[in-house]
Amino acid sequence: MKMPKTRRTYCKWCKKHTVHKIKIVKKRKRGELKQGQRRFRRIERGYGGYPRAKPHGEKPTRRHDLRFTCQECGRSSTKKGFRAKRLEFV
């Protein structure tokens, strides 16, 4: 899917419509010391099965994480992501 690099949309900090630059945020490595991860490792220890159900199947596409950066104030916001196999900016 092709998408423009900039878009005029509402900025909740400027309280008006301004030009926003759009970029895709890449997936980062999960924190190994987060509370949920520590809890998971504790449950996983010892005898017994895996604590969660086995995931079945895979989604055909991924939902893109888009960040909209206001050109006036420089603040970033997110909008609801959508599914697309490949996303490129023109």
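The sequence shown stops at residue 1407 when you use our numbering, and every number in between is there. Beta carbons are placed, not taken as given, at the ideal position from N, Cα and C, and that holds for glycine.
{"Check": "Same chain, Cβ closer than 8 Å to T1378, five either side skipped, listed in chain order", "Outcome": "R1400, A1401 and K1402"}
{"Check": "Closest Cα partner of T1386 within the set T1326, K1371, M1320 and M1318", "Outcome": "T1326"}
{"Check": "Segment contact, 8 Å Cβ cut-off, at least three pairs: the stretch 1325-1342 with the stretch 1388-1395", "Outcome": "yes"}
{"Check": "Entirely enclosed alpha helix (DSSP H) segments - the stretch 1326-1361, minimum 4 residues", "Outcome": "1352-1361"}
{"Check": "Spatial distance of Y1367 from G1348 (CA atoms)", "Outcome": "20 Å"}
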